[in-house]
Structures are given as structure tokens and as C-alpha cells.
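In this note's numbering, the protein residues as written are 16 to 110.
All C-beta atoms in this analysis are idealised placements derived from N, C-alpha and C, irrespective of residue type, glycine included.
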Amino acid sequence: MQLDLSHVLVRPVITEKSMSGSSMGKYTFEVHIDANQHVIKAALKQFFSVDAVKINVMIVKGKERRYGKRIGHTKTWKKAIVTLKTGQKIELFES
């Protein structure tokens, strides 16, 4: 399956832990479940004009949640932690 680069980066992950990594040039994104490191690197280059030195990708398993009496699940998603070249940054995380 060929992924369109506009669908690779789903959203930035904005948490206290991910924001502390941004000072060291590490940024966290939720990515498409079928995306690999090469596709993620190309999407970052196209949309943010940055060069990724290292990309760590992991699957975050969905959790069981209760909705009243019913038991449901949150979705399983893929997370990418991207380390950029020294001196580069993504303005989205700086605000």
C-alpha cells in the first residue's frame, strides 16, 4: 500500500514528557499505523523542512475502557519520536 505523505503525520503528541524532549531536539508525533521510518522522514522533510537524524517508532496498545455498563477499547496507535539535526527545530512545538 502506497501512503500519501499528507496522511503520515496524524498529530503532534503534546505532553509534559514530550515537551521536555523538544529542548533536546526530540519531537513526538502520532503517525499512520502503516508508516515506516523512511516514510516518516520524507513527510517531515516535506512539511517542516527538517532533517531527522534518528526516528524511534513504537506501537501504543489500546486500553480497555468502560462506557457506563459497556466495555470498549481505545484504538491502538503508532508513535514516532524524531531526533532532528543540531540547530533545527519545529515551530509547532515552541509555542
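Per DSSP, histidine 53 is one residue of the alpha helix (DSSP H) stretching across 52-63. Relative to the Cα of valine 28, the nearest Cα in the group Val75, Ala67, Val68 belongs to Val75. Per the coordinates, the alpha-carbon of lysine 104 lies some 16 Å from the alpha-carbon of alanine 95.
CA-to-CA, the gap between lysine 69 and serine 38 works out to about 16 Å. Ranked by Cα distance from isoleucine 55, the first of Glu31, Phe108, Leu20 is Leu20.
Membership of glutamate 31 in any beta strand (DSSP E) is not indicated; the residue belongs instead to the alpha helix (DSSP H) covering 31-37. The three-state reading of DSSP puts leucine 18 in coil, since its state is none of H, G, I, E or B.
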